[in-house]
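Going by numbering that gives the first Met the number 0, the sequence shown opens with residue 0, and the numbers climb by one from there. Working notes, beginning with the structure itself.
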Amino acid sequence: MIDRKSTAQHSPESIPAQEGAEELLSVLCIAVRETTYRLNAMASVVYLLSEDRSELRAAVIGGDVPAAFMIPERMTMNAPYASARAVQTGTVVVPSAPESAEVDPSYISLSPFTVVSAPVMTDRDCFGSLTAIRLESGEYEAAERAQLKKISGDLARDIASLELHGIKIEPSQIPVAIPIVGETSAVGPTRNQLSRGMPGVPGSASMSYMYQLRHFSDLLNRATNMGDVMNAVQSCLMSTFDARSLILASIAEHRLWVVGHAGATDQMVKELHGSKAHGHASIAQALLGHPQFLRGGIDRPGHQKGVTEPASAYLPLIGSQHVMGTCCIEFASAGRLSVAEKAVLMMMTGLLGPTVERIEQNKNRKALAESLQRSLLPHMLSDLPRLTTAARYLASAVTAEVGGDWYDVIKLPNGRIVLVVGDVEGHAIDSAVTMAQVRSAVVAYAIEGHHPSAILDRTSRLLAELGTELLATCCIVLCNTADGVSEVCLAGHPAPLVSSPGEPIRLLHAPPNVPLGITNPLPYRAQEHVLQPQSVLMLYSDGLTDTETTDPITSARALLGSGRRTAGISLEALADHILVQVSQPHERRDDAVLLLARYEGVGPVENMPRTCEFHIHRHDLRGVNLARQFVDERLRCWGLADLSDDLQLIVSEITTNSLIHAGSNVHLRLRAFPDHIRLEVSDTSSNPPIPSGFSLTEEGRAQTEHGRGLVIVDALARTWNTYPNGRGKTVWIELDIPQTHRT
Numbered sequence: 000m001i002d003r004k005s006t007a008q009h010s011p012e013s014i015p016a017q018e019g020a021e022e023l024l025s026v027l028c029i030a031v032r033e034t035t036y037r038l039n040a041m042a043s044v045v046y047l048l049s050e051d052r053s054e055l056r057a058a059v060i061g062g063d064v065p066a067a068f069m070i071p072e073r074m075t076m077n078a079p080y081a082s083a084r085a086v087q088t089g090t091v092v093v094p095s096a097p098e099s100a101e102v103d104p105s106y107i108s109l110s111p112f113t114v115v116s117a118p119v120m121t122d123r124d125c126f127g128s129l130t131a132i133r134l135e136s137g138e139y140e141a142a143e144r145a146q147l148k149k150i151s152g153d154l155a156r157d158i159a160s161l162e163l164h165g166i167k168i169e170p171s172q173i174p175v176a177i178p179i180v181g182e183t184s185a186v187g188p189t190r191n192q193l194s195r196g197m198p199g200v201p202g203s204a205s206m207s208y209m210y211q212l213r214h215f216s217d218l219l220n221r222a223t224n225m226g227d228v229m230n231a232v233q234s235c236l237m238s239t240f241d242a243r244s245l246i247l248a249s250i251a252e253h254r255l256w257v258v259g260h261a262g263a264t265d266q267m268v269k270e271l272h273g274s275k276a277h278g279h280a281s282i283a284q285a286l287l288g289h290p291q292f293l294r295g296g297i298d299r300p301g302h303q304k305g306v307t308e309p310a311s312a313y314l315p316l317i318g319s320q321h322v323m324g325t326c327c328i329e330f331a332s333a334g335r336l337s338v339a340e341k342a343v344l345m346m347m348t349g350l351l352g353p354t355v356e357r358i359e360q361n362k363n364r365k366a367l368a369e370s371l372q373r374s375l376l377p378h379m380l381s382d383l384p385r386l387t388t389a390a391r392y393l394a395s396a397v398t399a400e401v402g403g404d405w406y407d408v409i410k411l412p413n414g415r416i417v418l419v420v421g422d423v424e425g426h427a428i429d430s431a432v433t434m435a436q437v438r439s440a441v442v443a444y445a446i447e448g449h450h451p452s453a454i455l456d457r458t459s460r461l462l463a464e465l466g467t468e469l470l471a472t473c474c475i476v477l478c479n480t481a482d483g484v485s486e487v488c489l490a491g492h493p494a495p496l497v498s499s500p501g502e503p504i505r506l507l508h509a510p511p512n513v514p515l516g517i518t519n520p521l522p523y524r525a526q527e528h529v530l531q532p533q534s535v536l537m538l539y540s541d542g543l544t545d546t547e548t549t550d551p552i553t554s555a556r557a558l559l560g561s562g563r564r565t566a567g568i569s570l571e572a573l574a575d576h577i578l579v580q581v582s583q584p585h586e587r588r589d590d591a592v593l594l595l596a597r598y599e600g601v602g603p604v605e606n607m608p609r610t611c612e613f614h615i616h617r618h619d620l621r622g623v624n625l626a627r628q629f630v631d632e633r634l635r636c637w638g639l640a641d642l643s644d645d646l647q648l649i650v651s652e653i654t655t656n657s658l659i660h661a662g663s664n665v666h667l668r669l670r671a672f673p674d675h676i677r678l679e680v681s682d683t684s685s686n687p688p689i690p691s692g693f694s695l696t697e698e699g700r701a702q703t704e705h706g707r708g709l710v711i712v713d714a715l716a717r718t719w720n721t722y723p724n725g726r727g728k729t730v731w732i733e734l735d736i737p738q739t740h741r742t
């Protein structure tokens, strides 16, 4: 029995502020303790009105964990909580579940408890409310509501008395929490008590739960992708609750889309991914903000008769604006969850919602940035018979912003070609806009016929006149394929590297000059070099050698040199090989570009690789027939008619897949080398083609190419693969030329 008369009696004189605050706190604590014991509650809280009476703030919270930790710290007066409604109505309130989740997500209560609240008010004033929570199955009888009303009335009179003595009645900045552990504990029995704490030790189970909750929160705060989230789910949530499987699904366009899963989930993923959001009763309720717990050990609708089902739970994933999805959990046993388990599980799920939302937003932002970046890069690279090229773009792993790196290959008359790599500082839309301006200027000046030094000089003056505060670095190499003479000009950019047969890798030295955009720079100076046949040039931005442990030039030499050990490696394969050697994605702080060029030599043109190109407009399925005709005509012209049937079949399958699945323009390039034919088909989709036979799931089959197209390609081609190009991907296929037809 709590003795209210133990509070000190004071004379009408004013009480000092510090002493008054302590006196108010003492009165509030007594009320919280009395409410908890008399109503057999898990926890109780006193809310006081703010100075402007616009919100309620928790002043004292008392009870056992985790129940006490689920009490809101503050709420506006129009919030659909019992505590706010008690103040509004001046009556004792027991809330009913909301009918819809179309409210502020902060008001959706993920709690296995029932609530009762009474206003703390006198005939003349209202100070706040007194609220108790207990087991979800524990209804409040009329006598208990009357008891709470009496306690709140006594509290109101005590507060009014303190106010009469000059004590300011207002909540502190943070609520005071007091432990109250009695016969009725929020923990209760669990299915595996030993794993939840030491039996017989009060508070041990609660502390064990809270430790896991805190650890889970820490892991989610550091998570950068859904893999990190699911690792945290497995180590903290699933292990704590003996969960056999768990699925996180988001809702979009009235359908569920699985964003993460762990455990034995194959069948569940198959059923949920892409299904109607309200096709499952329990999930539909969870999406309305109502947690669902299903007991195991019974036959459920939709399941096989006579099969004992494990316990399961369907909980809402609540983002910043709305219920964004659901968390579906299946437990290893049919045992019923205790109240504490439900409470902690809901608290953990409450942390998952914002984390998944943050990661999905970052993923979408990064995808948008990469899409914008790629749209500013060349769709196809120009080739000449004596010079072939390959390029790669790598986005930064630590920022979702668009970068300013670019590359270009500009074809000029008389067998000349310009190779360009540049980097605008920063990672923002401004960087991308400036990059587009600089790239356009370089292309325009190159096509006008200016030499590299003049191109950079004019581009730098243009950039300075545009008024941007951003600078750009650039490397330009003008190659004359007729004699191998190459002119290199730099604007504060790393010099290109060249790998020639029988020689060590070396720099193509040139004056460093200043970056583009410097007002009134000194004239840009270039330097000439002569390339040997079969030399490979490597132009790159500094993000490719983004390392703190190795000199950038040494690192670049090592990257190019790593491909020399593979005899006969193609330029595309060399580009892929170099990217494999680059630092792991999570370590890459800057975006990067790589541009490779192989100079075939100065022999007669007829001995050089023969090249031709063909373009198909998006959705033009008639273009597939024209592509077959293009291939047949070229092969017959080159004396390779024996390969026409196979290559026509291949080009038909690949171009059809690109037109259907990518929905973009399709570009074909056919190249005849002395010993093989190479076909390249490029589109703007970044998703690689998946042969239909490689996927065993419905989800996988939905992403594969229809029919047996790639199976046919795999059977006919010597080798085939795919690589990312500037704006999408390129699928390449190689066929051997018969020995009798080789030149």
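For every residue, glycine included, the Cβ atom is placed at its ideal position computed from N, Cα and C. Since the model is a prediction, treat every value here as computed from it, not as a measurement.
Less than 8 Å between the CB atoms is what I'm expecting for residue i and residue j, so what's the real figure, rounded?
| i | j | result |
| --- | --- | --- |
| G127 | L24 | 14 Å between Cβ atoms; not a contact. |
| R457 | I504 | Actually they do not touch by this definition, with Cβ atoms about 32 Å apart. |
| V630 | L538 | Rounded, the Cβ-Cβ distance is 32 Å, inconsistent with contact. |
| G501 | L462 | Actually they do not touch by this definition, with Cβ atoms about 41 Å apart. |
| H450 | T472 | That belief does not hold up - the Cβ atoms of H450 and T472 are roughly 19 Å apart, past 8 Å. |
| V258 | L286 | Between L286 and V258 the Cβ distance is about 15 Å, and since that is not below 8 Å, they are no contact. |
With DSSP run on the structure shown, which of helix, strand or coil describes residue i?
| i | result |
| --- | --- |
| S332 | coil |
| Y523 | coil |
| N656 | helix |
| Y444 | helix |
| D589 | coil |
| S498 | strand |
| V487 | strand |
| P315 | strand |
| R156 | helix |
| K728 | strand |
| I150 | helix |
| V401 | coil |
| M379 | coil |
| A176 | strand |
| L709 | helix |
| T718 | strand |
| D575 | helix |
| R73 | strand |
| N413 | coil |
| L620 | coil |
| S337 | coil |
| S663 | coil |
| T480 | coil |
| Y36 | helix |
Spell out the partners DSSP gives residue i in its beta bridges.
| i | result |
| --- | --- |
| V408 | L418 |
| G127 | L47 and V119 |
| E612 | R668 |
| A471 | V423 and L515 |
| D645 | In DSSP, D645 forms no bridge with anything. |
| I132 | A42 and V114 |
| C28 | C28 pairs with nothing; no bridge assigned. |
| Q291 | Y313 |
| H528 | S485 |
| T553 | None, per the DSSP bridge assignment. |
Are there 16 or more other CB atoms within 10 angstroms of the CB of residue i, so buried, or fewer, so exposed?
| i | result |
| --- | --- |
| E698 | Note on E698: pLDDT 42, under 50, position unreliable in the model; the coordinate value appears next. With fewer than 16 Cβ atoms within 10 Å of its Cβ, E698 is classed as exposed. |
| G61 | buried |
| Y313 | buried |
| G797 | Outside the shown range of the chain (0 to 742) lies residue 797, about which nothing can therefore be said. |
| S53 | exposed |
| Q372 | buried |
| N656 | buried |
| L469 | buried |
| D590 | buried |
| C636 | exposed |
| Y80 | buried |
| D682 | buried |
Which runs of the alpha helix (DSSP H) at least 4 residues long sit entirely within the segment 202-283? Give them in chain order.
Within the segment 202-283, the complete alpha helix (DSSP H) segments at least 4 residues long are 203-221, 225-231 and 265-271, listed from N- to C-terminus.
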